[in-house]
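Colleague: Each position in the sequence shown, counted from 1, maps to that position plus 104 in my numbering. All residues carry an ideal CB built from backbone N, CA and C; glycine is no exception.
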Amino acid sequence: MARASQLSGINISNDLDEEISEIQVTSVISNKYAGVESPGFGWLATGWNYATDLRYVDTTVSDESLGNWFSRELFTGTQMIKAGERGHIECQPWFNEKYRHYWMFKCNIVGKRFKINKNNAQCNLWDVDASSAPSFVLHNVEGSTVRLTMIMNSGNDYFTMVEY
105 MARASQLSGI
115 NISNDLDEEI
125 SEIQVTSVIS
135 NKYAGVESPG
145 FGWLATGWNY
155 ATDLRYVDTT
165 VSDESLGNWF
175 SRELFTGTQM
185 IKAGERGHIE
195 CQPWFNEKYR
205 HYWMFKCNIV
215 GKRFKINKNN
225 AQCNLWDVDA
235 SSAPSFVLHN
245 VEGSTVRLTM
255 IMNSGNDYFT
265 MVEY
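#1: On the DSSP bridge list, what partners appear for Val129?
#2: Check each candidate in Glu123, Ile116, Glu267 and Phe209 and name the one with the smallest Cα separation from Arg217.
#3: Can you tell me whether Val232 is helix, strand or coil according to DSSP?
#4: Return the chain-ordered list of same chain residues with a C-beta closer than 6 Å to the C-beta of Met256, the five sequence neighbours on each side being excluded.
#5: Please state the DSSP three-state secondary structure of Glu267.
#6: Mind the definition here: the segment 216-231 touches the segment 175-186 only if three or more C-beta pairs lie below 8 Å; say whether that holds.
#7: Whole angstroms is fine: what's the gap from Thr264's alpha carbon to Thr164's?
#8: For Cys81 and Ser166, what's the separation of their Cα atoms in angstroms?
#9: Assuming Thr130 contacts Arg176 (C-beta within less than 8 Å), just tell me the rounded distance between them.
#10: Given a cut-off of 7 Å, decide if Trp198 and Gln110 are closer than it, judged by their beta-carbon atoms.
#11: What's the call for Val250, buried or exposed, on a 16-neighbour Cβ count within 10 Å?
#12: Within 10 Å of its beta-carbon, does Val214 have 16 or more other beta-carbons around it, so buried, or fewer, so exposed?
#13: The alpha helix (DSSP H) with Gly171 in it runs from where to where?
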């Protein structure tokens, strides 16, 4: 699989009332196709792809065959980000829009470890995301539930964070 494009870092926004630290981002290019754009069967082929490829992708497994991925990169943010402030992780994650993209985000919130509530948080990247720096925003919803919103040029997704 050819590595098609790269991001230009990751922006982290802390919209919580507490500081965050020890940030770790895992970026995974899976071996599952994102879709097929063909003139005759484009959306039908994409729907078929998603409905029939049920292999589980695991961002936490270090063996690519067990994790069902081609590429897995880990990036860490060493700075502490105070409540209401922003930070940036200098990195250049690879992606290929032809393959589904999965993420894991972990951090420390006032001495407690938090991570995305599943090991296969899917947020695909497209060529329009090349050379951009997506924003990962931590905020509270419904009281004390921590949510991570990923904002890319190509679209947004959000995931619940859990203490572990």
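Modeller: This is what the structure gives:
#1: Translated into positions along the sequence shown, residue 129 becomes position 25. The partner list for Val129 (beta bridge, DSSP) reads Phe179 and Phe209.
#2: Sequence index remark: in the sequence shown, residue 217 carries index 113 (1-based). Per the Cα distances, Glu267.
#3: Stepping through the sequence shown from its first residue, residue 232 is reached at position 128. Three-state result, Val232: helix.
#4: Taking the sequence shown and counting its residues from 1, the one referred to as residue 256 is at position 152. Excluding positions up to five away in sequence, the list reads Asp233 and Pro238.
#5: To locate residue 267, count along the sequence shown from 1; it is residue 163. Shown here, Glu267 sits in a strand according to DSSP, grouped into three states.
#6: no
#7: Looking up residue 264 in the sequence shown gives position 160. Looking up residue 164 in the sequence shown gives position 60. Taking the straight line joining both Cα atoms gives about 17 Å.
#8: Beyond the ends of the chain as shown, which are 105 and 268, falls residue 81; an answer cannot be given.
#9: If you number the sequence shown from 1, residue 130 lands on position 26. If you number the sequence shown from 1, residue 176 lands on position 72. Yes, they are in contact, since the Cβ atoms of Thr130 and Arg176 sit about 7 Å apart, within 8 Å.
#10: Within the sequence shown, the letter at position 6 stands for residue 110. Within the sequence shown, the letter at position 94 stands for residue 198. By the CB criterion at 7 Å, Gln110 and Trp198 fall inside the cutoff.
#11: As a first step, residue 250 is located in the sequence shown; it is residue number 146 there, counting from the start. It counts as buried.
#12: Here residue 214 refers to the residue found at position 110 when the sequence shown is read from its first residue. Label assigned to Val214: exposed.
#13: Residue numbering aside, residue 171 sits at position 67 when the sequence shown is read from its first letter. That run of the alpha helix (DSSP H) goes Glu168 to Gly171.
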